[in-house]
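Numbering (this note's numbering), first residue to last: 514 to 743.
Even glycine gets a Cβ: it sits at the ideal position worked out from N, Cα and C.
The structure displayed is predicted, hence computed values, not measured ones.
Data first, discussion second: the structure below is written as structure tokens.
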Ligand SMILES: [Ca+2]
Ligand SMILES: [Ca+2]
């Protein structure tokens, strides 16, 4: 079912805000994973004072050459964590500490074999389990769910869909439609002049984690070959 015009505008705004909020980390070239604390420049003396106390960037690790994703608490301590893969396909967990100067603990090895995926996204709790979950797409377009156990590890994977190689980007945006459950936004560049943006509303049920897809936006910008959501 397609959203109405007004609801589509609200949804598009919510998605845009959520996407901006999701972009809290950068993945730099040269094999360095760096978390960047965004510093807003303000004319407010108070805000300037606070901003002066914050670091511009904190290097948290080296050698991550695959995926870097954040967006959920995988360890069950209430603080968001970071996940990264290395060139050998090993997945590493960086537990959030809540400290601006040392925001993540030393990497903990989760396991190997993650090199079969061409997209890994930390979705937060999307399956109704005790902690943040992972969505991963393999090279044949199958989509897999890893339920977080709450101790930094995950259950065995569950295949939740096929044909997801049609999408170029898969981004966890939190609760974009404000129903209390986390969602996914995906894009398709299209074969013509306009690409499309879709919302997969979360259900909170790992056995069927998404409601039917909703078309959110059609735009020529999404058709550009260098366009990326994240
Ligand atoms: Ca955590
Ligand atoms: Ca939702």
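Can you list, in chain order, the residues of its chain with a C-beta nearer than 8 Å to that of residue 670? Leave out the 5 residues immediately preceding and following it.
For residue 670, where only same-chain residues beyond five positions count, the Cβ hits under 8 Å are 649, 657, 658, 659.
beta-carbon residue 674 near ligand 1 non-hydrogen atom, thresh 7 Å:
Taken from the Cβ of residue 674, every heavy atom of ligand 1 lies 7 Å or farther away.
Work out the CA separation of residue 625 and residue 682 for me, nearest whole Å.
Taking the straight line from one Cα to the other gives about 24 Å.
Let's test the definition: count the other Cβ atoms within 10 Å of the Cβ of residue 744 and tell me whether it reaches 16, buried, or not, exposed.
This structure gives no information on residue 744, because the portion of the chain shown stretches from 514 to 743.
Residues around ligand 2, please: the ones whose beta-carbon is closer than 7 Å to some heavy atom of it, in chain order.
Matched residues: 688, 689, 690, 691, 692, 693, 694, 695, 696, 714, 715.
In whole angstroms, what is the alpha-carbon distance linking residue 696 and residue 736?
Their Cα atoms are separated by approximately 23 Å.
At a cut-off of 7 Å, is residue 608 close to ligand 1 when judged by its beta-carbon and the heavy atoms of the ligand?
Between ligand 1 and the CB of residue 608, the shortest heavy atom gap is smaller than 7 Å.
Touching or not, the stretch 686-705 and the stretch 632-651, by the rule of three or more beta carbon pairs under 8 Å?
Contact between the stretch 686-705 and the stretch 632-651 is present, because at least three Cβ pairs lie under 8 Å.
N- and C-terminal bounds of the beta strand (DSSP E) containing residue 705
Note, residue 705: premise wrong, no beta strand (DSSP E); not H, not E.
May I ask whether a heavy atom of ligand 1 can be found less than 7 Å away from the beta carbon of residue 612?
For ligand 1, not one heavy atom lies less than 7 Å from the Cβ of residue 612.
Using the three-state DSSP reduction, which class does residue 605 fall into: helix, strand or coil?
Residue 605 falls in the strand class under three-state DSSP.
Per the DSSP calculation, residue 474 is bridged to which residue(s)?
There is simply no residue 474 to check, as the chain begins at 514 and stops at 743 in what is shown.
Between which two residues does the beta strand (DSSP E) carrying residue 655 extend?
No beta strand (DSSP E) contains residue 655, which DSSP labels as neither H nor E.
Between which residues of its own chain and residue 601 is the CB-CB distance below 8 Å, once the five residues before and five after are set aside?
Within the same chain, and ignoring the five residues on either side of residue 601 in sequence, the residues whose Cβ sits closer than 8 Å to its Cβ are 625, 628.
Is residue 728 near residue 711, with beta carbons less than 8 Å apart?
Against a cut-off of 8 Å, the Cβ pair of residue 711 and residue 728 comes out as a contact.
Nonlocal neighbours in the same chain, by C-beta distance under 6 Å from residue 674, ignoring five residues either side
Correct list, in chain order: 656.
Check: residue 594 C-beta below 7 Å from any heavy atom of ligand 1
Checking every heavy atom of ligand 1 against the Cβ of residue 594, one is found closer than 7 Å.
In the DSSP assignment, find the beta strand (DSSP E) that holds residue 637 and state where it starts and stops.
It spans 630-637 - the beta strand (DSSP E) in which residue 637 sits, taken as one unbroken run.
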